[in-house]
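Okay, structure first, notes after.
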Amino acid sequence: MDQHISSPTQLFERLEALTASAQANYALVLIYPHGLRRIGSIFGARHAERIMADLSRQLEQALHPDDRIIRSGRFEFVVLLSRLVNRGHAILAVNKLAGILGSPIEIQNKERKFSFSIGMALAPEHSRDPEQLFRYAEIANLASKITRTPYQIYNHDDLKSIVTDWDIEGDLDNAITGNQLSLHYQPKIASHSGRLLGAEALMRWRHPVHGMIPPDLFIPVAERMGIMPKLTWWCLNTALRERQEWGDPARNLSVAVNISALDLTDERFIKAVTSALGLWDTRPELLTLEVTEGSLMQDIARSADILKRLQDNGIRISIDDFGTGYSSLAYFKQLPADELKIDRSFILNILNDDLDRHIVSTIIQMARKLHLEIVAEGIETAEMQEILVELGCDIIQGYHIARPIPHAEFVTWASAHD
Ligand code: C2E
Ligand code: CA
Ligand code: CA
25 MDQHISSPTQ LFERLEALTA SAQANYALVL IYPHGLRRIG SIFGARHAER IMADLSRQLE
85 QALHPDDRII RSGRFEFVVL LSRLVNRGHA ILAVNKLAGI LGSPIEIQNK ERKFSFSIGM
145 ALAPEHSRDP EQLFRYAEIA NLASKITRTP YQIYNHDDLK SIVTDWDIEG DLDNAITGNQ
205 LSLHYQPKIA SHSGRLLGAE ALMRWRHPVH GMIPPDLFIP VAERMGIMPK LTWWCLNTAL
265 RERQEWGDPA RNLSVAVNIS ALDLTDERFI KAVTSALGLW DTRPELLTLE VTEGSLMQDI
325 ARSADILKRL QDNGIRISID DFGTGYSSLA YFKQLPADEL KIDRSFILNI LNDDLDRHIV
385 STIIQMARKL HLEIVAEGIE TAEMQEILVE LGCDIIQGYH IARPIPHAEF VTWASAHD
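Residue numbers (the numbering used here): 25 to 442.
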């Protein structure tokens with residue numbers, strides 16, 4: 025085991041040093057075990073730490089003595105495979121690593137399987153520069169996550185065009201002006217009465233060449249390139265305008281818009297939101313802003329201040345993807361929030377995993393004490409809905425109720441549901 029590295033600069037320096045001595049062909053493998061954060065926040069950091077240490081030992085045993093494994097960040101491994109004769113060797117090695125991560129480990133006396141993603145980039149084929157290689161491994165890792173395959177090898181042709189197209193900023197600009205963006209709406213219903221409460225607006229991008237690009241792919245790129253405020257502005261205004269078109273029976277339905285952590289770094293955002301409400305003549309309590317738990321942690325004092333001022337204006341604040349970030353529930357006492365959305369990954373296993381059920385029930389009980397409304401998203405079956413209602417969820421969202429649908433379809437759906 026190499027040292028534990030926490031800053032990117034340190035990591036690149038270390039990689040630089042290692043690759044200088046590595047033989048001509050080598051590979052950089054980036055491994056993310058998923059779900060450890062939530063193990064940490066529920067059972068304590070020491071628990072997650074022990075799992076990381078176990079994994080690290082097992083991975084190391086599978087490697088060649090010349091290979092290096094580095095822990096970077098809290099829950100990631102960077103592996104440097106050296107002395108590779110050819111690409112086939114790299115594939116053998118990464119298969120071995122995936123095999124280890126795919127085997128069950130014991131947590132709280134129960135064998136559990138983790139999901140994980142692995143991305144690999146090759147030198148000199150993809151680049152010789154460790155920083156560039158790391159970026160490529162990151163892109164491949166994202167592809168592994170999205171395609172739910174154990175690992176992906178970076179591929180200039182497939183991946184670069186979808187994930188790091190250099191003109192994506194220009195393309196996204198055109199997307200707004202060229203009418204390529206639209207919003208789909210997914211209903212949120214009251215768990216007990218089944219009454220329709222409103223809908224979450226989800227962005228869709230139909231690219232003229234690449235077809236439908238999922239938001240998971242283009243939003244991180246937009247964030248990196250600094251055009252997120254523009255997208256949020258578009259989304260906010262479109263959602264409020266379309267909400268008006270839901271018509272009279274839908275007068276009290278609310279609309280939820282996802283915002284990015286970057287929106288919460290600039291005070292002008294508050295004015296942007298309140299003017300949009302004025303422009304579309306909408307009562308503030310009919311707008312919910314969803315912000316992911318993980319994104320809040322970057323500059324918590326500032327984000328909390330901006331959220332508080334939005335809330336003071338009557339706008340509802342929802343903490344999205346709860347359970348995937350670093351924070352503990354106690355910490356939410358300081359956050360202005362009205363709603364908490366339990367991350368989809370917990371809901372997914374709720375029927376057959378005691379641990380996830382226990383986590384969800386703990387989250388609900390504590391959220392109750394903080395007077396937060398609890399939303400379960402990703403409800404795919406009647407059985408899932410039943411369990412979540414039983415556990416005390418207030419609001420339900422998921423394919424079982426309805427998939428995200430285009431605006432016109434939502435209007436029809438809403439009047440039929442009524
Ligand atoms: P999210 O905010 O957590 O949105 C929920 C995602 O779960 C949506 O994916 C939705 O289609 C999907 N989903 C809903 N019900 C189910 C279900 O029962 N089963 C499964 N498997 N999935 C379900 P989508 O639309 O692909 O959006 C992905 C993410 O992209 C969103 O996650 C959100 O973080 C981001 N996003 C989407 N639109 C916007 C936007 O306008 N602005 C920002 N900042 N982010 C957005
Ligand atoms: Ca959301
Ligand atoms: Ca979510």
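Glycine is no exception: its CB is placed at the ideal position from the N, C-alpha and C atoms.
Exercise for the section: Please state whether DSSP places serine 127 in a helix, a strand or coil. Expected result: Serine 127 sits in coil when the DSSP states are folded into three classes, being neither helix nor strand.
Practice task
Measure the CB-CB distance between aspartate 344 and threonine 312 and report whether it falls below 8 angstroms.
Solution key: Taking 8 angstroms as the Cβ cut-off, aspartate 344 and threonine 312 do not qualify as a contacting pair.
Problem - Test item: CB-CB of aspartate 442 and proline 174 under 8 angstroms - result: Not closer than 8 angstroms, so no.
Handout entry: Pair within 8 angstroms by beta-carbon distance, histidine 465 and phenylalanine 138
Key = Because the chain here runs from 25 to 442, residue 465 falls outside it and cannot be looked at.
Handout entry: 4 or more residues per run - each alpha helix (DSSP H) lying fully within the segment 46 to 76
Key = Scanning the segment 46 to 76 from its first residue to its last, the whole alpha helix (DSSP H) runs of 4-plus residues come out as 60 to 67.
Exercise for the section: Could you give the DSSP three-state label for arginine 230: helix, strand or coil? Expected result: Reduced to three states, the DSSP call for arginine 230 is strand.
Problem - CB contact flag (serine 151, glycine 222, <8 angstroms) - result: Cβ distance not < 8 angstroms, so serine 151 and glycine 222 don't count as in contact.
Exercise for the section: State the DSSP-derived secondary structure class of tryptophan 190, mapped to helix, strand or coil. Expected result: Reliability of the predicted coordinates at tryptophan 190 is poor, the pLDDT of 47 falling under 50, and the value obtained from them is presented with this limitation in mind. Here DSSP, grouped into helix, strand and coil, assigns tryptophan 190 to coil.
Handout entry: Entirely enclosed beta strand (DSSP E) segments - the segment 307 to 388, minimum 3 residues
Key = Runs found: 311 to 316, 340 to 346, 363 to 366.
Handout entry: Closest by C-alpha distance to threonine 310, when choosing among Glu155, His113, Ile339, Gly126
Key = First, the residue type needs correcting, since residue 310 is leucine and not threonine in the sequence shown. Between leucine 310 and the set Glu155, His113, Ile339, Gly126, the nearest pair of CA atoms involves Ile339.
Exercise for the section: Indicate, with yes or no, if ligand 2 has a heavy atom lying under 7 angstroms from the CB of aspartate 442. Expected result: Flag unset: Cβ of aspartate 442 not near ligand 2.
Exercise for the section: Using the Cα positions of glycine 218 and valine 399, report the straight-line distance between them to the nearest angstrom. Expected result: Near 13 angstroms, if we compare the C-alpha coordinates of valine 399 and glycine 218.
Practice task
Compute the minimum distance between the beta carbon of aspartate 344 and the heavy atoms of ligand 2, and state whether it is under 7 angstroms.
Solution key: It does: the Cβ of aspartate 344 is within 7 angstroms (strictly closer) of some heavy atom of ligand 2.
Practice task
Check whether the Cβ of asparagine 376 lies closer than 7 angstroms to any heavy atom of ligand 2, and answer yes or no.
Solution key: The answer is no for asparagine 376.
Practice task
Can you have a look at valine 109 and say buried or exposed, based on whether 16 or more other CB atoms are within 10 angstroms of its CB?
Solution key: By the neighbour-count rule (16 or more Cβ atoms within 10 Å), valine 109 is not buried but exposed.
Problem - Whole beta strand (DSSP E) elements within the segment 249 to 294, 3-residue minimum - result: Fully enclosed beta strand (DSSP E) runs of no fewer than 3 residues occupy 278 to 282 of the segment 249 to 294, in order along the chain.
Problem - Beta-bridge pairing of arginine 95 - partner residues as DSSP gives them - result: When DSSP reads this structure, arginine 95 sits in a beta bridge with His28, Phe101.
Handout entry: Collapsed DSSP secondary structure at arginine 81 in the structure displayed
Key = The DSSP-derived three-state label of arginine 81 is helix.
Problem - Pairwise C-alpha distance: isoleucine 341 and tryptophan 257 - result: Rounded to whole angstroms, tryptophan 257 to isoleucine 341 spans 17 angstroms at the Cα level.
Practice task
With a 10 Å radius around its C-beta and 16 neighbouring C-beta atoms as the bar for buried, classify tyrosine 50 as buried or exposed.
Solution key: Answer is buried; the Cβ neighbour count reaches 16.
Practice task
Could you tell me if the beta carbon of asparagine 133 falls within a distance shorter than 7 angstroms of some heavy atom in ligand 2?
Solution key: Asparagine 133: no, Cβ never under 7 angstroms from ligand 2.
Exercise for the section: Could you tell me if the beta carbon of glutamate 410 falls within a distance shorter than 7 angstroms of some heavy atom in ligand 3? Expected result: Glutamate 410: no, Cβ never under 7 angstroms from ligand 3.
Practice task
Flag this pair as yes or no: are the beta carbons of serine 168 and isoleucine 142 separated by less than 8 angstroms?
Solution key: A contact, by the Cβ cut-off of 8 angstroms.
Handout entry: ligand 4 heavy atom lying under 7 angstroms from the CB of glutamate 317
Key = Ligands displayed in this structure: ligand 1, ligand 2 and ligand 3; ligand 4 is not among them.
Practice task
Please report how far the alpha carbon of valine 297 lies from the alpha carbon of asparagine 203, in whole angstroms.
Solution key: Going from the Cα of valine 297 to the Cα of asparagine 203 covers about 22 angstroms.
Exercise for the section: Within 10 angstroms of the Cβ of aspartate 378, are there 16 or more other Cβ atoms? Answer buried if so, exposed if not. Expected result: Exposed, by the Cβ-count rule.
Handout entry: Range of the contiguous beta strand (DSSP E) that encloses glutamine 210
Key = Unbroken beta strand (DSSP E) run through glutamine 210: 205 to 214.
Practice task
Could you have a look at lysine 137 and say whether DSSP puts it in helix, strand or coil?
Solution key: Coil at lysine 137, not helix or strand.
Problem - Distance cut-off 7 angstroms: asparagine 282 Cβ against heavy atoms of ligand 2 - result: Yes, the Cβ of asparagine 282 comes within 7 angstroms of a heavy atom of ligand 2.
Exercise for the section: Please report how far the alpha carbon of leucine 364 lies from the alpha carbon of leucine 205, in whole angstroms. Expected result: Distance from the CA atom of leucine 364 to the CA atom of leucine 205, rounded to whole angstroms, is 27 angstroms.
Practice task
For glutamate 314, verify whether its CB is less than 7 angstroms away from any heavy atom of ligand 2.
Solution key: Result yes, Cβ under 7 angstroms from ligand 2.
Handout entry: Beta-carbon gap between proline 148 and alanine 48 smaller than 8 angstroms
Key = Result yes, Cβ atoms of proline 148 and alanine 48 sit closer than 8 angstroms.
Exercise for the section: Go to valine 399, then tell me how far its beta strand (DSSP E) extends in each direction, as first and last residue. Expected result: For valine 399, the uninterrupted beta strand (DSSP E) segment begins and ends at 397 to 400.
Handout entry: Coil, strand or helix - isoleucine 243 by DSSP
Key = In the structure shown, isoleucine 243 sits in a helix (DSSP, three-state: H, G or I).
Practice task
Please name the residue in His216, Arg326, Glu266 whose C-alpha comes closest to that of isoleucine 411.
Solution key: The shortest C-alpha separation from isoleucine 411 is found at His216.
Handout entry: Environment of aspartate 189 [buried if 16+ CB atoms lie within 10 Å]
Key = Only weak support is given to the placement of aspartate 189: the predicted model assigns it a pLDDT of 46, under 50, and the value that follows is read from those uncertain coordinates. It is buried - the Cβ of aspartate 189 has at least 16 other Cβ atoms within 10 Å.
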